[in-house]
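All the letters of the sequence shown, read from the start, carry residue numbers 479 to 596 under the working numbering. All residues carry an ideal CB built from backbone N, CA and C; glycine is no exception.
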Amino acid sequence: LHTLVLTLGWNVLGDRGVQALAALKHSPSLRSLSLHLGWNAIGDCGAGALAELRDAPSLETLILHLMGNAIGDVGAQGLAALKDAPRLHTLTIDLGENKVAASGAQALAQLENGQSLR
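1) From P564 to A583, what does the alpha carbon distance come to, in whole angstroms?
2) When DSSP labels each residue in this structure, what does V578 get in the three-state scheme?
3) If you follow the alpha helix (DSSP H) that L528 is in, where does it begin and where does it stop?
4) Please determine, among T481, L479, Q497, L569, the residue with the shortest C-alpha to C-alpha distance to Q593.
5) At what residues does the alpha helix (DSSP H) containing V496 begin and finish?
6) Among T539, A527, L513, R494, which one has its Cα closest to the Cα of Q555?
7) Could you pull out every residue in the same chain whose Cβ sits closer than 6 angstroms to the Cβ of G546, ignoring the five residues on either side in sequence?
8) With distances taken between CB atoms, is the gap from L531 to L540 smaller than 8 angstroms?
9) Once you ignore the five residues that flank L479 on each side, which residues in its own chain have a CB closer than 8 angstroms to its CB?
10) Verify whether the separation of the beta carbon atoms of H514 and L486 is less than 8 angstroms.
11) For the alpha helix (DSSP H) containing L557, list its first residue and its last residue.
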């Protein structure tokens, strides 16, 4: 499987459900992943779990639709770790209607320093 699109908006995944999805990092041939997870009561722990996708060995494109959750600065800082993904060259993160403030935005700005996001 090279491409996966999951549309799971308006469910009750929460942090625990997102942690289960983070296991996709073990998919050796996954190149493109789009997760539509809006309005799922995902918090900082769930965002941190999604940051583990940086360990997916072949992932080149990642789209995370996370609008309408409860992600704050700690979660945004976790997502900023995606800059360390070795092959990731396209990244979209939608954090509209969350709780990200200045320090979270500053962490996300560090994504420009990603080794393959240039």
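Concretely, from the data shown:
1) Taking the sequence shown and counting its residues from 1, one reaches residue 564 at position 86. Taking the sequence shown and counting its residues from 1, one reaches residue 583 at position 105. The alpha-carbon atoms of P564 and A583 are separated by roughly 22 angstroms.
2) By one-based count along the sequence shown, residue 578 stands at place 100. It is coil, neither helix nor strand.
3) Position 50 of the sequence shown, counted from the first residue, corresponds to residue 528. Its alpha helix (DSSP H) spans residues 522-529.
4) Residue 593 sits at position 115 when you count from the first residue of the sequence shown. Nearest C-alpha to Q593 among T481, L479, Q497, L569: L569.
5) The residue you call residue 496 lines up with position 18 of the sequence shown. Boundaries of the alpha helix (DSSP H) harbouring V496: 492-499, taken from the DSSP string.
6) The sequence position of residue 555 within the sequence shown is 77, counting from 1. If we check each option's Cα against that of Q555, A527 comes out closest.
7) Here the question's residue 546 lines up with position 68 in the sequence shown. The residues are G516, W517, E575.
8) Here the question's residue 531 lines up with position 53 in the sequence shown. Here the question's residue 540 lines up with position 62 in the sequence shown. In this structure, L531 sits near L540, with a CB-CB distance shorter than 8 angstroms.
9) Translated into positions along the sequence shown, residue 479 becomes position 1. Shown here for L479: same chain residues with a beta carbon closer than 8 angstroms to its own, the five before and five after excluded, namely S505, S507, L508 in chain order.
10) The count along the sequence shown starts at 1 and reaches residue 514 at position 36. The count along the sequence shown starts at 1 and reaches residue 486 at position 8. The Cβ-Cβ distance between H514 and L486 falls below 8 angstroms.
11) Indexing the sequence shown from 1 puts residue 557 at position 79. Element bounds for L557: 551-557.
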